[in-house]
Every structure is written in structure tokens, then in C-alpha cells.
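> Using the numbering used here, read the sequence shown as starting at 44 and increasing by one per residue.
Positions of the beta carbon are idealized from the N, C-alpha and C atoms, including for glycine.
As the structure is a prediction and not an experimental result, all values here were calculated from the model.
Take a look at this one; I'll ask things after.
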Amino acid sequence: MNQVPLDIVILAAGKGTRMRSDLPKVLHPLAGRPLVSHVISAARAVGGNRICVVYGFGGDAVPKTLNDESLTFVLQAEQLGTGHAVQQALPALDASGVTLVLYGDVPLTRPDTLKPLIAAAQSGNLGLLTVMLHDPAGYGRIVRENERVARIVEHKDATEIEREIREVNTGILAAPTAKLHAWLGNLKSNNAQGEYYLTDIIAMAVADGVDVLTSHPADEWEVLGVNSKSQLAELERIHQRNIVRALLDDGVTLIDPARIDVRGELHCGRDVSIDVGCVFEGRVEIGDGVMIGPYCVLKNVRIASGTKIDAFSHLADSEIGEDVRIGPFSRTRPGTKLMRDAHVGNFVEIKNSVVAEGAKVNHLSYVGDAEVGAKSNIGAGTITCNYDGANKHKTVIGENAFIGSNTALVAPVSIGDNATIGAGSVITRDAPAGELTLARGKQLTITGWKRPVKTKKEN
Ligand code: UD1
Ligand code: MG
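So, in C-alpha cells, the structure goes:
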């Protein structure tokens with residue numbers, strides 16, 4: 044069967060006065076991504092041909108932040124109402140198809156909840172998502188006559204009796220685009236807010252003999268919008284609770300499900316345990332049996348099985364092999380690759396470096412733009428001096444090398460296999476394999492030397 048083409052309009056032009064922020068409301072982050080990006084993901088999941096974002100407040104901030112050529116951006120220079128906003132998008136829509144209208148500040152709608160609306164529109168009707176609310180104040184009310192939807196009345200325009208209605212408009216609807224065209228052209232702004240209400244098309248549809256088919260979300264949070272920081276915080280918790288439930292269902296051990304934040308995708312193998320206070324950003328993949336200690340931040344990392352990450356470690360854009368030990372208090376920065384059995388300990392920073400199998404960097408070191416060979420031991424306080432003030436240079440350390448404590452390796456430099464470097468050395472030239480290299484002042488003892496004594500001040 045040939046499906047009627049689907050376009051999606053996302054309304055994102057509003058300022059969001061109650062956010063008390065210079066950032067347009069739809070750009071405030073939920074789980075680390077702008078609110079409107081969550082809506083775009085839902086739009087993609089239901090397969091819209093064209094996804095049209097109507098922006099306005101904040102100038103170019105919305106298109107610039109989203110920076111996505113697959114989206115169509117439409118400017119609504121003046122925010123004259125939701126109906127006016129959809130009207131701005133009409134020229135970009137396929138007149139032979141159907142249009143689904145979503146709100147940029149309603150981030151958690153499940154794609155499955157949108158499907159019945161689209162189906163209603165594709166069979167020539169108007170699909171409207173409504174919900175029964177305990178406290179409907181502020182929302183548009185669904186006015187039914189003989190059980191059929193007759194119109195929507197906005198809270199501000201409603202009579203006392205209409206305000207008793209608990210079935211409210213979520214704002215999300217779908218309709219045949221050509222009909223939308225005709226209805227929007229007839230909108231008037233003679234209402235309490237002096238706006239062109241999208242909701243007025245419901246009565247027009249009824250007058251045209253178009254059926255208004257309502258459906259409801261499985262959960263109320265799917266249609267909650269963000270108008271204030273406290274609503275944003277509430278939705279963040281709801282979203283995190285949903286993520287956590289899925290992780291627990293997958294068998295992940297969370298020491299306290301209320302104290303974890305996933306701001307991206309977290310994929311876990313079997314028998315993974317995550318202690319309290321951890322934050323996951325971007326795409327994080329964790330292998331079987333991995334343990335993550337408390338208060339770790341992991342961003343775009345892949346961790347193979349059996350690895351243990353101790354408390355307060357910060358890992359970004361890194362690849363961690365099997366049975367590695369990290370932390371407490373370790374930091375790996377972009378381009379870090381730790382291979383099987385490597386150990387990285389407290390107050391160690393690794394950047395753009397490979398630490399090969401079984402190598403150890405256990406205390407107080409900086410390893411940047413380096414290769415550390417298998418089974419080498421990097422002593423406490425070792426620094427790779429990779430930056431000469433203008434350019435970065437590489438340090439190469441062979442296998443089974445031993446770098447004494449407090450060594451400065453001034454790159455570019457290489458240390459041979461099985462080499463030993465004496466503690467406190469400043470190594471500026473290559474050190475040969477298998478030998479002891481020292482580069483430091485010789486120890487002197489001055490016999491008979493006397494400590495200075497305090498001179499008495501004369502008054
Ligand atoms: C709207 C509905 C109301 C519904 C409620 C659900 C109308 C007239 N009313 O009311 O029935 O119960 O949502 O939350 O539609 N926007 C623009 N341009 C504009 C005006 C708004 O892009 O000119 C965007 C906003 O950024 C927001 C969305 O449209 O994302 C909804 O606008 P808002 O002003 O919040 O409408 P409500 O008064 O909440
Ligand atoms: Mg609103």
C-alpha cells in the first residue's frame with residue numbers, strides 16, 4: 044500500500060518567559076541534549092519525510108545549535124500564536140500528504156503514541172492527542188458533544204463550566220496538509236490572548252465533516268511540557284527514572300538507582316555494577332563484569348570486560364581494554380587507549396596515548412602523546428613534556444622499561460625496550476634499550492659544612 048507522505052512540524056519559536064533565561068526554551072538541555080533534539084528524535088522514529096522546525100525567539104540560536112542540514116528551518120519572526128506558527132511552515136510541506144504537529148518543549152513523547160494520530164490523518168481524519176488531567180488548569184479543554192469532539196477552548200477563553208473539563212489538549216495533532224492549509228487561512232485572533240490558535244482548526248474540521256479521532260499517551264509524562272526550570276528538573280528525573288528502569292531490567296546493578304545520570308546512550312554487558320553518583324555522557328559501552336566505582340564521569344568510552352574503575356575517575360573519548368584497573372582519581376582524555384591489564388592510578392592524566400598490555404602508570408603522572416610499551420612501569424611523578432610552547436611532540440617508551448620517579452621525558456624522545464631511567468632525570472635525548480640512563484645532577488656531600496645560625500639583632 045502506498046503510504047500518504049508524512050511531514051512533521053515542530054513548534055519551537057516561543058521564548059519561554061518563565062525559564063528566566065536568555066537561552067531559547069527549546070535549547071535547554073534534558074539529559075544533556077536540547078529539549079527540541081528529543082522531539083526531533085521522536086519525529087525521526089516515526090519517519091517524517093520533512094522535519095520542519097519553526098524558530099523565532101533567540102534569532103539563529105536554534106538552527107545554529109542544531110546545525111543539521113536534514114532539517115528544514117522556518118522563521119516565525121513574530122510569535123502570533125501556534126496557528127500562525129504552523130502557517131509559516133506550510134510552504135515547506137507536501138500538500139498531498141499529512142502533517143504531524145509537535146511541540147519543541149514537550150520532549151518525552153514515545154513514537155508509538157504518535158502513530159495513531161498519523162494513521163488518523165492518513166485516512167483523511169484529524170488525529171488529536173488528548174489526556175485526562177487531575178489538574179487541567181492552563182490547558183486547552185476538549186469540548187465534546189454527544190461524546191464526539193466539537194472544539195477546543197483555551198483556558199483563558201473558557202467558561203467556568205468548560206474549565207471543569209479534565210480532558211485537555213496536549214497540542215500534538217495530525218491532519219491532511221491540504222485541509223490544514225484551508226483551515227489555517229481562516230484563523231482569527233479575536234480571543235483572550237489576541238493570538239492565532241492552532242486549536243481553532245478543530246471546530247473547522249468538525250464543520251467540514253472531518254472526524255476528530257482522539258488517542259491518549261500510555262503515560263502522562265509523555266505529554267508534559269517544560270515552561271519553567273522546576274518542570275525541566277521534574278522531566279529530567281522522570282527521564283532518568285525511565286532509563287534506570289531499562290538498565291535494571293537488563294540486569295545492570297545500580298547501587299542506588301536514584302543516583303545515576305545518563306546523558307546519552309549507555310550500553311552494558313552482563314554483571315555490570317555501577318556505584319552512586321556516576322554520570323554517563325555521549326555513547327558509553329561497558330563490557331561484562333565491569334565495576335564502576337562512585338562518582339565517575341564517563342563520556343564516549345568503550346570499556347572491555349573485567350575492568351574496574353575506581354572512585355572519582357573521569358574518562359573521555361577513550362578505549363579501555365580488558366581487566367584494566369583505573370583510579371581512584373584518574374583522568375583519561377581524548378585518544379587514550381589502555382590495553383589489557385594496564386593500570387592507571389591516582390592523580391594520573393593520560394591523553395592521546397597508548398598504554399600497552401600490563402603497563403603501569405600508578406601515581407601522579409602526565410602521559411600525553413605517548414606510547415608506553417607492554418609491561419613498562421612509569422614511576423610516580425613522571426611527566427612527558429609533550430609541548431614546547433608551540434608544537435606537540437611524541438614520547439615512545441619500549442616494552443618492559445622502568446622509568447624512575449619524577450622523570451621528565453622531553454619529547455620528541457624515545458626510551459628503548461628494557462631500559463631503566465634513574466629517578467629525577469630530565470631526559471632530552473633517546474635512551475638506549477637495556478641500559479640505565481641518568482640525567483641529573485650528581486649527589487655531593489660537603490663534609491664539615493655548617494648550618495647558618497640565627498644572628499642576634501642589636502637594638
Ligand atoms: C497550547 C495549546 C493548548 C494546549 C497546550 C499544551 C494553543 C492555542 N493552545 O497552549 O490547547 O493545552 O499548548 O501544552 O495551541 N509557539 C510558537 N509560536 C507561537 C506560539 C507558540 O512556536 O507563536 C510554540 C511554543 O514555543 C511552544 C508551543 O508552540 O513550543 C506551544 O505554545 P504555548 O504558548 O506554550 O501554548 P500554550 O498556551 O501552552
Ligand atoms: Mg505551553
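Count the other CB atoms, across all protein chains shown, that sit within 10 Å of the CB of residue 225; report buried if there are 16 or more and exposed otherwise.
It counts as exposed.
> Could you please give the first and the last residue of the uninterrupted beta strand (DSSP E) stretch that includes residue 285?
Careful: residue 285 lies outside any beta strand (DSSP E), inside the alpha helix (DSSP H) at 272 to 292.
> Who does residue 362 pair with in a DSSP beta bridge?
Answer is 345 and 380, bridged to residue 362.
> Residue 171 bridges to which residues according to DSSP?
Its beta-bridge partners are 216 and 257.
> With a threshold of 7 Å on Cβ separation, who are the neighbours of residue 347 within its own chain once the five nearest residues in sequence on each side are excluded?
Within the same chain, residue 347 has close Cβ partners 330, 363, 364 and 365.
> Cβ of residue 60 within 6 Å of any heavy atom in ligand 1?
Outside the cutoff, so no.
> Check whether the Cβ of residue 52 lies closer than 6 Å to any heavy atom of ligand 1, and answer yes or no.
No, ligand 1 has no heavy atom inside 6 Å of this Cβ.
> Excluding sequence positions up to five away, which residues of its chain have a Cβ less than 6 Å from the Cβ of residue 183?
Result list for residue 183: 195, 197, 212 and 242, in chain order.
> Assign residue 42 to one of three DSSP states: helix, strand, or coil.
The structure shown does not extend to residue 42, since the chain spans only 44 to 502, so no value can be given for it.
> Once you ignore the five residues that flank residue 260 on each side, which residues in its own chain have a CB closer than 8 Å to its CB?
The residues are 152, 153, 156, 172, 174, 213 and 266.
> Is the segment 90 to 99 close to the segment 46 to 57, with three or more CB pairs under 8 Å?
Verdict: yes, contact present.
> Kindly indicate the opening and closing residues of the alpha helix (DSSP H) around residue 84.
That run of the alpha helix (DSSP H) goes 78 to 88.
> Go ahead and label residue 491 buried or exposed: buried means 16 or more other beta carbons lie within 10 angstroms of its beta carbon, across all protein chains shown.
Burial call: exposed.
> Quick one: is residue 293 buried, meaning 16 or more other Cβ sit within 10 Å of its Cβ, or exposed?
Residue 293 is exposed by the Cβ-count criterion.
> Give me, in chain order, the residues of the same chain whose beta-carbon lies closer than 8 Å to that of residue 44; leave out the 5 immediate sequence neighbours on both sides.
In this predicted model, residue 44 has a pLDDT of only 47, less than 50, meaning its place in the structure is not dependable; the value taken from the coordinates is given anyway. If we look at residue 44 and ignore the five residues flanking it on each side, it has no Cβ neighbours.
> Taking 6 Å as the cut-off, is the beta-carbon of residue 56 closer than that to any non-hydrogen atom of ligand 1?
Yes, the Cβ of residue 56 comes within 6 Å of a heavy atom of ligand 1.
> Go through the segment 69 to 145 residue by residue and report every complete run of the alpha helix (DSSP H) that reaches 4 residues or more, in order.
As far as the segment 69 to 145 is concerned, its whole alpha helix (DSSP H) runs of at least 4 residues are 78 to 88, 104 to 109 and 125 to 132.
> Once DSSP output is grouped into helix, strand and coil, what is the label at residue 412?
Residue 412 falls in the coil class under three-state DSSP.
> Using three-state DSSP, classify residue 210 as helix, strand or coil.
Three-state result, residue 210: strand.
> Taking 6 Å as the cut-off, is the CB of residue 128 close to at least one heavy atom of ligand 1?
Answer for residue 128: yes, Cβ within range of ligand 1.
> When you compare only the Cα positions, how much space is there between residue 302 and residue 215?
Whole-angstrom Cα-Cα distance: 33 Å.
> Which residues in the same chain have their Cβ closer than 6 Å to the Cβ of residue 484, if we skip the five residues on either side of it in sequence?
Counting only Cβ-Cβ distances below 6 Å, and skipping sequence neighbours, we find nothing.
> Going by Cα to Cα distance, which pick from 393, 227 and 343 is closest to residue 414?
It is 393 whose Cα lies nearest to the Cα of residue 414.
> On the CB-based measure, 16 or more other CB atoms within 10 Å of its CB, does residue 88 come out buried or exposed?
Classification for residue 88: exposed.
> Applying the criterion that 16 or more other CB atoms from any shown protein chain within 10 Å of the CB defines a buried residue, is residue 299 buried or exposed?
It is exposed - the Cβ of residue 299 has fewer than 16 other Cβ atoms within 10 Å.
> Keeping to the same chain, check which residues put their C-beta closer than 8 Å to that of residue 278; ignore five residues upstream and five downstream.
So the list reads 73, 150, 151, 264, 267 and 269, once near-sequence residues are dropped.
> If residue 448 sits next to residue 422, beta carbons under 8 Å apart, how far is it from one beta carbon to the other, in whole angstroms?
Residue 448 to residue 422, Cβ: 4 Å. Contact.
> Does the distance from the C-beta atom of residue 420 to that of residue 403 stay below 7 Å?
A contact, by the Cβ cut-off of 7 Å.
> Whole angstroms is fine: what's the gap from residue 462's alpha carbon to residue 333's?
Their Cα atoms are separated by approximately 34 Å.
> Would you give the residue range spanned by the beta strand (DSSP E) that residue 426 belongs to?
Unbroken beta strand (DSSP E) run through residue 426: 426 to 428.
> Helix or strand or just coil, what does DSSP make of residue 44?
Annotation note: pLDDT 47 at residue 44 (below 50); position unreliable, coordinate value reported separately. Residue 44: coil per DSSP, three-state reduction.
> So, for residue 444: in the same chain, excluding its five sequence neighbours on each side, which residues have a beta-carbon less than 6 Å away from its beta-carbon?
Around residue 444: 419, 458 and 462.
> Tell me whether residue 375 is buried or exposed, calling it buried when 16 or more other Cβ atoms sit within 10 Å of its Cβ.
Looking at its Cβ environment, which holds 16 or more other Cβ atoms inside 10 Å, residue 375 is buried.
> For residue 404, does the three-state DSSP call read helix, strand or coil?
In this structure, residue 404 counts as strand in the three-state DSSP scheme.
> On the criterion of 16 or more Cβ atoms from any shown chain inside 10 Å, does residue 141 qualify as buried, or is it exposed?
Buried, since its Cβ has 16 or more Cβ neighbours within 10 Å.
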